[in-house]
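Going line by line, the protein sequences match chains A and B. If you're matching positions, the first sequence starts at 1 in our numbering and goes up one per residue. If you're matching positions, the second sequence starts at 1001 in our numbering and goes up one per residue. Don't be surprised by glycine CBs; every beta carbon is placed ideally from N, CA and C. Given the structure is predicted, the values throughout are model-derived calculations rather than measurements. Working notes, beginning with the structure itself.
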Amino acid sequence: MTAGRPWGARLALWWARVYTATAPRADASDRRAEVAADVGDEVRAAGEGSPRAVVSGQILSRMLRGVPADVLWRLSIERAPGRAAWHLAHPATLMGTATVLLVPLVLVGDVLRSPSRGNAGRLLDLVHACIVLLSAAILAVALTAALRRLVVPSPGRRDRGALSLARRAAGFGVCVLWAAAALWRFAPGPWERLAAAAWAAFAACLLAWLGLSVLVSATTWKRHGRTR
Amino acid sequence: MLEVAVGRAPEGVYGFSLAQDLAERGGDTRLVAHGTLYKALDRMRKAGLLSAEWEDAEVAADEGRPRRRVYRVTAEGRRALVEAPQVAPRAGWGEARA
């Protein structure tokens, strides 16, 4: 049935999965189900006669205009009591989000400090400060999570496959090494070499994470194919 | 939004039907967007203005579509709707209600 959906509908469902990922189960499943019903109704209302590209465009437009509200909704959920502790126990969402936010910041920082930009003074300082704060936050969350794991063992982890665990470890490495490389990116002298080493390790981890993601997806797909 | 839901009583409204009604009425089209619509419905439900109920799974299965969440205006919601123009009068509100 999924294969028959217009790409706009699939994109809207994918986005709903993204911004509800790791939200409390009831909130996440309600929101995903509501978006699925809405998108399904819109596709049916358009009927067979409407070009799929038009239907996709309409759904995409409704999705894109709602993105700020989706993000605010998710942030409002994260203000609930106990969520901070939950995120420290399950740091993937925090670290992943901060890493994604760090990517454009680093790119802007690189553009601003290129010689062709001339003197970008204050703006570069501001971007640099944001990079340092965000990178330090990622490293602090990673350190806290690692220490917590040593003190409080998590029983639910043993039933996960080796591939899945390796993928999570690679993902953890990607976030930590990207943050480390960003933190020392603008630093002079020996720190610069440290940043280069972190950058190289980040690239290796990223490749490993991508490869493992493909393997995990293929394994899951095979398993589902067998049970169908 | 409450007005549309009152107009669709007693069967209630669901996400896409509400978006369609709001789009037909014109006005603020931001509410038609997925995120804005469901965030507003969620807030109104938590404020007690709307009640929400998932429809029977069999009904949805018979029609070959996902289950809808049906919203109905509560007594508190009707009261808020009556009081709304006095609390926050807005340009064009009277015309829309007429």
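In DSSP terms, what residue i is bridged to
i, result
"residue 183 (chain A)", "According to DSSP, residue 183 (chain A) bridges with nothing at all."
Continuous alpha helix (DSSP H) stretch holding residue i: start and end
i, result
"residue 32 (chain A)", "25-46"
"residue 1019 (chain B)", "1015-1025"
"residue 1044 (chain B)", "1034-1046"
"residue 135 (chain A)", "121-151"
"residue 50 (chain A)", "Neither: residue 50 (chain A) is in no alpha helix (DSSP H) and is coded neither H nor E."
"residue 90 (chain A)", "Note, residue 90 (chain A): premise wrong, no alpha helix (DSSP H); not H, not E."
"residue 74 (chain A)", "67-78"
"residue 17 (chain A)", "7-20"
"residue 1005 (chain B)", "1002-1007"
"residue 1063 (chain B)", "1057-1063"
For residue j and residue i, believed in contact at Cβ under 8 Å, the rounded distance
i, j, result
"residue 1071 (chain B)", "residue 1041 (chain B)", "6 Å"
"residue 15 (chain A)", "residue 56 (chain A)", "The Cβ separation is near 13 Å, so there is no contact."
"residue 9 (chain A)", "residue 54 (chain A)", "With a Cβ gap of about 12 Å, residue 9 (chain A) and residue 54 (chain A) do not count as contacting."
"residue 1054 (chain B)", "residue 1065 (chain B)", "Contact doesn't hold; Cβ gap of about 13 Å is too wide."
"residue 62 (chain A)", "residue 1059 (chain B)", "Rounded, the Cβ-Cβ distance is 25 Å, inconsistent with contact."
"residue 1079 (chain B)", "residue 1052 (chain B)", "Not a contact, Cβ separation roughly 18 Å."
"residue 212 (chain A)", "residue 145 (chain A)", "Rounded, the Cβ-Cβ distance is 20 Å, inconsistent with contact."
"residue 12 (chain A)", "residue 77 (chain A)", "The pair is not a contact, with the Cβ atoms about 20 Å apart (cut-off 8 Å)."
"residue 167 (chain A)", "residue 216 (chain A)", "5 Å"
"residue 185 (chain A)", "residue 127 (chain A)", "Actually they are not in contact, since the Cβ atoms of residue 185 (chain A) and residue 127 (chain A) sit about 11 Å apart, beyond 8 Å."
Counted within 10 angstroms of its Cβ, other Cβ atoms place residue i as buried (16 or more) or exposed
i, result
"residue 73 (chain A)", "buried"
"residue 174 (chain A)", "buried"
"residue 183 (chain A)", "buried"
"residue 66 (chain A)", "buried"
"residue 129 (chain A)", "exposed"
"residue 1056 (chain B)", "exposed"
"residue 1088 (chain B)", "Note on residue 1088 (chain B): pLDDT 48, under 50, position unreliable in the model; the coordinate value appears next. Flag for residue 1088 (chain B) reads exposed."
"residue 177 (chain A)", "buried"
"residue 110 (chain A)", "exposed"
"residue 181 (chain A)", "buried"
"residue 90 (chain A)", "exposed"
"residue 1049 (chain B)", "buried"
"residue 1063 (chain B)", "exposed"
"residue 79 (chain A)", "exposed"
"residue 179 (chain A)", "buried"
"residue 1107 (chain B)", "Lying outside 1001 to 1098, the shown extent of chain B, residue 1107 (chain B) is not represented and no answer is given."
"residue 82 (chain A)", "exposed"
"residue 210 (chain A)", "exposed"
"residue 1012 (chain B)", "buried"
"residue 34 (chain A)", "buried"
"residue 88 (chain A)", "exposed"
"residue 20 (chain A)", "buried"
"residue 1035 (chain B)", "buried"
"residue 196 (chain A)", "exposed"
"residue 98 (chain A)", "buried"
"residue 1039 (chain B)", "buried"
"residue 1077 (chain B)", "buried"
"residue 1061 (chain B)", "exposed"
Residue i - containing beta strand (DSSP E), residue span
i, result
"residue 1052 (chain B)", "1050-1054"
"residue 1071 (chain B)", "1069-1073"
Residue i CB to nearest heavy atom of the ligand ATP below 8 Å
i, result
"residue 18 (chain A)", "As for the ligand ATP, it is missing from this structure, which has no ligand bound."
Is there contact between the segment 90-106 of chain A and the segment 135-155 of chain A, where contact requires at least three CB pairs shorter than 8 Å? yes
With contact counted as at least three CB pairs below 8 Å, one residue from each stretch, are the segment 1073-1087 of chain B and the segment 30-47 of chain A in contact? no
Is it true that the segment 192-204 of chain A meets the segment 1007-1026 of chain B, where meeting means three or more beta-carbon pairs spaced less than 8 Å apart? no
Three or more C-beta pairs below 8 Å linking the segment 185-200 of chain A and the segment 145-153 of chain A: no
What are the residues in the segment 1012-1041 of chain B lying within 9 Å of chain D by C-beta distance? In the structure shown, chain D does not exist; the protein chains are A and B.
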